[in-house]
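Numbered per the working numbering, the sequence shown spans residues 1259 to 1429.
These notes concern the structure reproduced below.
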Amino acid sequence: MQKFIIHISEQKFELLEQDDLQCFILKPDLPDSFVTKFVQLAKEKQKLVLGFDAKSVAKFNLDGAMVDLSKSENIASDYRTLTQGLKNKFIGAICRNRRHEAMLVGECEPDFVVFRAWADGQEKVKELTSWFYQMFLLQSALLPVEDVDFASFETDFVILDDTKYKIFVAK
């Protein structure tokens, strides 16, 4: 079963208490005071906290970042630029849902590659994640943009926002 990475969009700390949740991504527009406290509590519990850029990683001493390469025309160069200053940090990289781009992102050696999934066309994404899972040693994550059956995708992680995760757990 996939592990969850939770995208924190609300100013709440309750998900830090769940032992099965080990990694969080903080929405960029959260107040600094909340981010500082969230990071402090997460570190006390030995949990990972990621941001969306090198600036936020440095500012809050985060464990890494998730960078978006899905619109990149020069993946290797853009990856180097976006991850400058992130040495020894965890990096997730969002790629386009195509094999060639997934390979190029994989060659950059992030810690995990992220695939987005929409309800329309999810079978193609499912095929892509299955291929990637079988071909590469890199971990992969699914970022469902709409409601999809994420358990049917071959990925190591599923990235859910805090609200969707709470609904999923309540089912």
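The beta-carbon is built from N, C-alpha and C at its ideal position, and this holds for glycine as well.
Checklist entry - Straight-line CA distance for A1351 to S1410? => result 21 Å
Item to check | Sequence-distant residues of the same chain with beta carbon closer than 8 Å to T1421, five excluded per side | outcome: S1267 and E1268
Checklist entry - My guess is that A1312 and L1288 are in contact by the Cβ rule of under 8 Å, so how many angstroms apart are they, rounded? => result With 8 Å as the limit, A1312 and L1288 do not qualify as a contact, their Cβ atoms being about 17 Å apart.
Item to check | Assumed close pair A1375, V1406 - CB separation to whole angstroms, cut-off 8 Å | outcome: So it is a contact: roughly 5 Å between Cβ atoms.
Item to check | Reduced DSSP category for K1430 - H, G, I as helix; E, B as strand; rest coil | outcome: Since the first residue of the chain shown is 1259 and the last is 1429, residue 1430 is not available in this structure.
Next on the checklist: Please report the distance separating the alpha-carbon of A1318 from that of F1348.
Outcome noted: Contrary to the premise, residue 1318 reads as Phe rather than Ala in this sequence. Answer to the nearest angstrom: the Cα atoms are 14 Å apart.
Next on the checklist: Going by beta-carbon coordinates alone, are Q1260 and T1413 separated by less than 8 Å?
Outcome noted: yes
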